[in-house]
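According to this note's numbering, the sequence shown holds residues 6 to 169 in order.
Single-structure report; data block below.
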Amino acid sequence: MTPMSFIWKFHCAFFTATTLARIRDRGAEPTLDEIYLLDTVFANQRLSELFTPDTYHVIDYDQEYDSGRENPLFPEANTTSARFFNNDTNCTTGMYKIGDVESGAMMTLNFKTMPYSNNKYHFSEPFLIYDMCAEVTHNGKAETVHVIRAEDTLKTKEIFVPWH
């Protein structure tokens, strides 16, 4: 009877730890590395004419997990094992609303992220921005500037599909 006791204790401890890790990972709000995002924005030639690191102001921010696995860019999320372990692609969609005090320009920065593993141990970065465009209004003129294109990013990087 003693060996069976160990098996049940191990079984209970393993699945409790797995469940708690999943709740921890999915229970928190998604966050983006704001320094990387702003460095990318200020490195863009067109946006750096209107927005400077000294005079910008973040007005609004929102980022939410995408629901479902229907994203045609990521067929990896529809494999048998991915469907068994995950109910979505773990991707997010978000926006920043940024204004500049000196130029008077306003920008809505729309972005899409995916989980990304950048080493052989599959340690996943929280979110890699694979698509970003800015809708800029300045002096009554509106324009759209593509900062990061999905086609260019997905040529060299692929989504990390979490298994836990």
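All C-beta atoms, glycine included, are put in the ideal place defined by N, C-alpha and C.
Taken through DSSP and simplified to helix, strand or coil, residue 37 comes out as coil. Contact between the stretch 152 to 165 and the stretch 57 to 75 is absent: fewer than three C-beta pairs spanning the two stretches fall below 8 angstroms.
The stretch 135 to 148 makes contact with the stretch 110 to 121, as at least three CB pairs between them are under 8 angstroms.
For residue 134, the beta-bridge partners assigned by DSSP are 118. Cβ-Cβ separation between residue 95 and residue 58: approximately 31 angstroms, too far for a contact (criterion under 8 angstroms). In terms of Cβ geometry, residue 105 and residue 55 form a close pair [threshold 9 angstroms]. Per DSSP, reduced to three states, the secondary structure at residue 102 is strand. The continuous stretches of beta strand (DSSP E) do not include residue 155, which lies in the alpha helix (DSSP H) extending over residues 155 to 161. DSSP places residue 148 within a strand segment (E or B) once states are collapsed to three. A direct Cα-Cα distance of roughly 39 angstroms separates residue 144 from residue 33. Bridge partners of residue 111 according to DSSP: 104 and 142. In this structure, the straight-line span from the alpha carbon of residue 148 to that of residue 87 is close to 39 angstroms. With 16 or more other CB atoms across the displayed protein chains lying within 10 angstroms of its CB, residue 118 is buried. Here the alpha carbon of residue 89 sits roughly 43 angstroms from the alpha carbon of residue 62. The beta-bridge partner set that DSSP reports for residue 97 consists of 70 and 118.
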